[in-house]
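Only one structure is covered here, and it is reproduced in the block below.
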Amino acid sequence: DATKMITDSGGVQKEAYLLSVPCITIRRNTEWVETVQAGWNILTDTVAEKIVRAVKSWEPRGRTRPIFGSGRASVRIGKFIKHNLAAR
């Protein structure tokens, strides 16, 4: 039920995106540049005023898209294994 997340964690940035929760990341860079490019994550430094401004005024662009895949990798892997074991 979060309306925005504030973090310095890499994992939380991706989880926020997958849950369609806007994320404000208190870091100078991120390993999840896709979330920034998609407009659902912004980077800020540790200056309190900048963090407060981001929380109050920043909103994400559009809707989240499946930039990390369809979420069905386990199904595809299971079918692949089953098919290849049956072929032996």
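Just so you know, the sequence shown maps onto residues 168 to 255 in our numbering. C-beta: ideal position from N, C-alpha, C; glycine also.
Spatial neighbours of residue i in its chain, beta-carbon cut-off 8 Å, leaving aside the 5 residues before and after
i, result
"asparagine 196", "Leu210"
"valine 179", "Met172, Cys190"
Three-state class that DSSP yields for residue i in the structure shown
i, result
"isoleucine 244", "helix"
"leucine 185", "helix"
"isoleucine 218", "helix"
"threonine 202", "helix"
Contact set for residue i: own chain, Cβ-Cβ below 7 Å, skip 5 residues either direction
i, result
"isoleucine 234", "Glu201, Ala205"
"threonine 213", "Ile193"
"proline 227", "Pro189, Gly206, Trp207"
Which residues DSSP lists as bridging residue i, in chain order
i, result
"asparagine 208", "Cys190"
"isoleucine 173", "Ile191"
Alpha-carbon spacing of residue i relative to residue j, whole angstroms
i, j, result
"glycine 236", "arginine 255", "30 Å"
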